[in-house]
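**Student:** Structure incoming, see below.
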Amino acid sequence: MAMNKNATGYTFLFSIVMVLLVGTALAFTSLSLKPLQKQNEADKKMVDILGAIGITTTRENAKNDFPTFVKERLSIDSEGNVLNITSGDVDSKDASDPFNLDVKKDYRSKKPASELSFPLYKCENEGESIYVIPVAGSGLWGPIWGFVALKSDMNTIYGAKFDHKTETPGLGAEIKDDFFSDKFQGKQLRDAAPYFTIEKGGRETDIHSVDGITGGTITSVGVGEMMNRTLSIYQLYFNSVINAQANNNGY
Amino acid sequence: MGTENKTITPKRESLFSKKNRKLLKDPLGDSNPITIQVLGICSALAITVQLQQAVIMSLSVLFVMIGGNVIVSLLRNLIPDRIRIIVQLVIIASLVIIVDEVLKAYQPDISEKLSVFVGLIITNCIIMGRLEAFALANKPGPSVFDAIGNGMGYAWVLLVVSIVREIFGSGAISLPGMGQVKFLPQDWFISSGGFYENNNLMILPPMALVVVGIIIWIQRSRNEALIED
Amino acid sequence: MEYFNIFVKGIFVENMIFAYFLGMCSYLAVSKTVKTANGLGLAVIFVLGITVPINYLLENYVLKEGALTWLDPTFATVDLSFLSFIMFIAVIASMVQLVEMIVEKFAPALYGALGIFLPLIAVNCSILGGALFMQERQYPSIGEATTFGLGSGVGWWLAIVAIAAIREKIRYSNVPAPLQGLGITYIITGLMGIAFMSFMGIEI
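Chains D, W and R, in that order, give the protein sequences. Under our numbering, the first sequence has 219 at position 219, and the numbering climbs by one with no breaks. One gets our numbering by counting positions in the second sequence from 1 and adding 251 to each. One gets our numbering by counting positions in the third sequence from 1 and adding 480 to each.
This is the structure we're talking about:
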């Protein structure tokens, strides 16, 4: 062999070339595919929001179906004040569009709630107005997230849809299955925290709780945690809406 | 990895000096990666709750193994010995990440199923183990056979374990694209008022170990040469 | 108290072997005698204790979105997290190699005890698992991350020493011949896993 492949110089040269090649390849794929991936993510988000209010759609149709059912997109601050109201088609480049708020990222950033704003989707299905709240938290292995839909009394759960990144298949991963999210339909929130409870798999449940997934306890606990944490913030907004309605009725 | 294998299968060196057909066949039986070489256990435990996951994982591992084996085998005369482990890990990891990124952009639904396994594929010691034990010292041709053989040997154990666990744990079998097929009528399950209760223990990860233990038991009773003293 | 909690959780509640089944390959292969198991276990504690904090710094000052702002405020939107897998693995592999060289040079006695196990550790999935858990759990400070790394390492050490002790004793038991060695080890580990599940969900 012409060169000594165990020489220090060669080892360094090899590592530098390898790092450059691999880095370029990864950065290139990551950057060039980013727009497509972003679009896929947005489509998926629409599918999930619609799923929470019981509308089944596909990635391809999500863009058209979304404005049909989702009438307004709001963002509120941690005090329950409305910051922004947007309606119509989603513009993925418009940073002020509440649709583009990323609750998963906000959750990971661990910023205090007072620095964040929270999206809320006002939807309409079969003449009923529904509020869809995005939730995000952690399961056993990685992030979990979902959407909880409340009826116009802001207390009865209309539907829910959960998803996860890396939960154990067959155990925690089942939070994304319909049999789990269907359990939430018609359940009610308590007036004070904890608003909702996820019991251990197979336990008895009442109107304020559902049973979690057997063998997926930590994931189920994560679902309960993210629901309660998020609901405690939206509760302020709901209270102000309910108070406003009561005042209107009073006069 | 190399020394680790040798302590378990002192015979392996001679096994791999034989022909390609043997390369394909041996990992299915007498030098099976999971039951004999002790490689790739972590993933075998994590994803064998359902058949569907086991199928997807097996295919991904097969794919990454072939890719990794070919690349390392082509570069085998260039890789400095001192940093070979880093080089192998980097090759595997970038291969997996690129595949995942491409799928995420063009096949988001498949990617969603697969992304769960990305971390598990990278840390799967079966890939690393075969790179170190075979591809680093052999031409690309035989390396492909070695990858296919070991991938299949890994796959059948995974499939058997997941079928056993899913039948007893959920009373069903799930295939990719077909969803879960229940064996018994829904009314028979205790959850809908029947008499049949699923064995929840089977769903828990420790039971995968016990099932693999039983597979080893059966395999070694049939081939006495494999018995350890 | 928080540190103690993380440490104990890492050993018992979130044991790398019995709760997450990470690092199984070397756990099964190198647990024939207590002596070697102890050596590998100590090496894992050592490497987890070093790589978790390094990866923590990497994650928080290089990879995470907005992590590069300490260089220049305009980097606030740079997100390098697609590189995290490969960076963590590279750090682990190079740290293992570095540690091996340093130990060999300055502590030959320790090298004699740990030496042959160090290269094995780079591919031990519990080490990468440790880095990924650290990334996922977003520990608030490097102290907590290090404690987590050490706790997980001690948990792994405990598991492998326990199984090695059982394997040493079981040699005198009447195990069916085909089940001897690997087979019975799998089954015992399964039973130990079930026992450790009773720690699940315990908060201190």
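Here a beta-carbon is modelled for each residue, glycine too, at the ideal position from N, C-alpha and C.
Could you pull out every residue in the same chain whose Cβ sits closer than 6 Å to the Cβ of G332 of chain D, ignoring the five residues on either side in sequence?
**Tutor:** The structure shown does not extend to residue 332 of chain D, since chain D is modelled only from 1 through 251, so no value can be given for it.
**Student:** What residue range does the beta strand (DSSP E) around F679 of chain R cover?
**Tutor:** Numbered from 1 along the third sequence, position 199 holds the residue referred to as residue 679 of chain R. It is not in any beta strand (DSSP E) - F679 of chain R carries neither H nor E in the DSSP assignment.
**Student:** Please list, in chain order, all residues of the same chain as K71 of chain D whose beta carbon is under 7 Å from its beta carbon, the five residues on each side excluded.
**Tutor:** Position 71 of the first sequence, counted from the start, is the residue given in the question as residue 71 of chain D. So the list reads S87, K122, C123, E124, once near-sequence residues are dropped.
**Student:** With distances taken from CA atoms, which of D:L36, D:V223, D:G224, D:S129 is nearest K355 of chain W?
**Tutor:** The residue given as residue 355 of chain W occupies position 104 in the second sequence. Of D:L36, D:V223, D:G224, D:S129, the residue nearest in Cα terms is D:L36.
**Student:** In the DSSP assignment, the beta strand (DSSP E) including N84 of chain D goes from what residue to what residue?
**Tutor:** By one-based count along the first sequence, residue 84 of chain D stands at place 84. Element bounds for N84 of chain D: 82-86.
**Student:** Could you tell me whether any Cβ in chain R is nearer than 8 Å to the Cβ of L13 of chain D?
**Tutor:** For the purposes of this step, residue 13 of chain D is taken as residue 13 along the first sequence, with counting starting at 1. No, its Cβ sits nowhere closer than 8 Å to a Cβ of chain R.
**Student:** Indicate whether at least one CB of chain D lies closer than 8 Å to the CB of I566 of chain R.
**Tutor:** On the third sequence, residue 566 of chain R is found 86 positions in, with the first residue counted as 1. Taking Cβ atoms only, chain D reaches closer than 8 Å to I566 of chain R, which makes this a yes.
**Student:** Considering Cα atoms alone, identify which of W:Q431, W:V323, W:G280 is closest to G380 of chain W.
**Tutor:** On the second sequence, residue 380 of chain W is found 129 positions in, with the first residue counted as 1. The candidate whose alpha carbon is nearest that of G380 of chain W is W:V323.
**Student:** Based on the DSSP output, what are the partners of E124 of chain D in its beta bridges?
**Tutor:** Locating residue 124 of chain D in the first sequence gives position 124, counting from the first residue. Per DSSP, D:S129.
**Student:** Between L26 of chain D and chain R, is there a C-beta pair that is closer than 8 Å?
**Tutor:** Along the first sequence, one-based indexing puts residue 26 of chain D at 26. Output row for L26 of chain D: interface = yes.
**Student:** Could you tell me whether any Cβ in chain W is nearer than 8 Å to the Cβ of I640 of chain R?
**Tutor:** On the third sequence, residue 640 of chain R is found 160 positions in, with the first residue counted as 1. So no, I640 of chain R is outside the interface.
**Student:** Below 7 Å between beta carbons is the criterion; list the residues of the stretch 615-629 of chain R that meet it against any residue of chain D, in chain order.
**Tutor:** Under the 7 Å Cβ criterion, the stretch 615-629 of chain R contributes E616, Q618.
**Student:** So, G609 of chain R versus Y483 of chain R, is the Cβ gap smaller than 8 Å?
**Tutor:** Numbered from its first residue, the third sequence carries residue 609 of chain R at position 129. Numbered from its first residue, the third sequence carries residue 483 of chain R at position 3. Against a cut-off of 8 Å, the Cβ pair of Y483 of chain R and G609 of chain R comes out as no contact.
**Student:** May I have the straight-line CA-CA distance separating T669 of chain R from K63 of chain D, to the nearest angstrom?
**Tutor:** Within the third sequence, the letter at position 189 stands for residue 669 of chain R. Within the first sequence, the letter at position 63 stands for residue 63 of chain D. Taking the straight line from one Cα to the other gives about 50 Å.
**Student:** Short check: CB of L563 of chain R to CB of L26 of chain D, under 8 Å?
**Tutor:** Position 83 of the third sequence, counted from the first residue, corresponds to residue 563 of chain R. Position 26 of the first sequence, counted from the first residue, corresponds to residue 26 of chain D. Their beta carbons are under 8 Å apart, which means L563 of chain R touches L26 of chain D by this criterion.
**Student:** Do you know whose CA, among D:F12, D:T57, D:E167, lies nearest D332 of chain W's CA?
**Tutor:** Indexing the second sequence from 1 puts residue 332 of chain W at position 81. The residue with the shortest Cα to Cα distance from D332 of chain W is D:F12.
**Student:** Can you round the beta-carbon distance between I667 of chain R and G404 of chain W to whole angstroms, since I take them to be within the 8 Å contact cut?
**Tutor:** Here residue 667 of chain R refers to the residue found at position 187 when the third sequence is read from its first residue. Here residue 404 of chain W refers to the residue found at position 153 when the second sequence is read from its first residue. Rounded, the Cβ-Cβ distance is 21 Å, inconsistent with contact.
**Student:** Which residue wins for smallest C-alpha separation from W439 of chain W, given the options W:I287, W:G422, W:L302, W:N451?
**Tutor:** By 1-based counting over the second sequence, the position of residue 439 of chain W is 188. Measuring from the Cα of W439 of chain W, the nearest candidate turns out to be W:G422.
**Student:** Can you pull the DSSP bridge partners for T197 of chain D?
**Tutor:** As a working mapping, residue 197 of chain D is identified with position 197 in the first sequence. In the DSSP output, where bridge partners are listed per residue, T197 of chain D has D:S209.
**Student:** Can you give me the C-alpha to C-alpha distance between K262 of chain W and V103 of chain D, rounded to a whole angstrom?
**Tutor:** Numbered from 1 along the second sequence, position 11 holds the residue referred to as residue 262 of chain W. Numbered from 1 along the first sequence, position 103 holds the residue referred to as residue 103 of chain D. With a pLDDT of 45 at K262 of chain W, under the threshold of 50, the predicted position of this residue should be treated as unreliable, though the coordinate-derived value follows. Those two C-alpha atoms are separated by around 55 Å.
**Student:** Is there at least one non-hydrogen atom of the ligand COA closer than 7 Å to the beta-carbon of R108 of chain D?
**Tutor:** This structure lacks the ligand COA, and indeed carries no ligand of any kind.
**Student:** Taking CB distances under 8 Å as the criterion, tell me whether Y536 of chain R reaches chain W.
**Tutor:** To locate residue 536 of chain R, count along the third sequence from 1; it is residue 56. Output row for Y536 of chain R: interface = no.
**Student:** Counting only the same chain and skipping the five closest in sequence on each side, list residues whose C-beta sits under 7 Å from that of C505 of chain R.
**Tutor:** As a first step, residue 505 of chain R must be located in the third sequence, where it is residue number 25. The answer is none, since no qualifying residue turns up.
**Student:** Have a look at S362 of chain W and I317 of chain W and give me their C-alpha separation to the nearest angstrom.
**Tutor:** Numbered from its first residue, the second sequence carries residue 362 of chain W at position 111. Numbered from its first residue, the second sequence carries residue 317 of chain W at position 66. Cα-Cα distance, rounded: 20 Å.
**Student:** Please name the residue, chosen from W:V412, W:L275, W:L279, W:L302, that lies closest to V462 of chain W on a Cα-to-Cα basis.
**Tutor:** Within the second sequence, the letter at position 211 stands for residue 462 of chain W. Among W:V412, W:L275, W:L279, W:L302, the Cα nearest to that of V462 of chain W belongs to W:V412.
**Student:** Once DSSP output is grouped into helix, strand and coil, what is the label at T214 of chain D?
**Tutor:** Position 214 of the first sequence, counting from 1, holds the residue named residue 214 of chain D. Coil at T214 of chain D, not helix or strand.
**Student:** Have a look at I491 of chain R and G631 of chain R and give me their C-alpha separation to the nearest angstrom.
**Tutor:** Numbered from 1 along the third sequence, position 11 holds the residue referred to as residue 491 of chain R. Numbered from 1 along the third sequence, position 151 holds the residue referred to as residue 631 of chain R. Roughly 5 Å between the two C-alpha positions.
**Student:** Under 8 Å between the Cβ atoms of N320 of chain W and S394 of chain W?
**Tutor:** Numbered from 1 along the second sequence, position 69 holds the residue referred to as residue 320 of chain W. Numbered from 1 along the second sequence, position 143 holds the residue referred to as residue 394 of chain W. Yes. Within cutoff.
**Student:** Run down chain W in chain order and give the residues with a C-beta less than 8 Å from the C-beta of L548 of chain R.
**Tutor:** The residue you call residue 548 of chain R lines up with position 68 of the third sequence. Residues of chain W passing the Cβ test: none, with the nearest at roughly 20 Å.
**Student:** Step through the CB atoms of chain D and report whether any lies within less than 8 Å of the CB of T254 of chain W.
**Tutor:** If you number the second sequence from 1, residue 254 of chain W lands on position 3. With a pLDDT of only 41 at T254 of chain W, under 50, the local geometry of the prediction cannot be trusted, and no value is derived from it.
**Student:** With 8 Å as the threshold, decide whether the Cβ of G370 of chain W is near any Cβ in chain D.
**Tutor:** Along the second sequence, read from residue 1 onward, the residue named residue 370 of chain W stands at position 119. Chain D, which has a Cβ nearer than 8 Å to the Cβ of G370 of chain W, makes this yes.
**Student:** Give the range of the beta strand (DSSP E) segment to which W141 of chain D is assigned.
**Tutor:** Taking the first residue of the first sequence as 1, we reach residue 141 of chain D at position 141. First-last for W141 of chain D: undefined, no H or E at that position.
**Student:** Residues of chain W with a CB under 9 Å from the CB of V558 of chain R: which are they?
**Tutor:** Locating residue 558 of chain R in the third sequence gives position 78, counting from the first residue. Within chain W, no residue comes near V558 of chain R; the closest Cβ sits about 18 Å away, beyond 9 Å.
**Student:** How is the alpha helix (DSSP H) around A52 of chain D delimited, first residue to last?
**Tutor:** The residue you call residue 52 of chain D lines up with position 52 of the first sequence. Residues 8-52.
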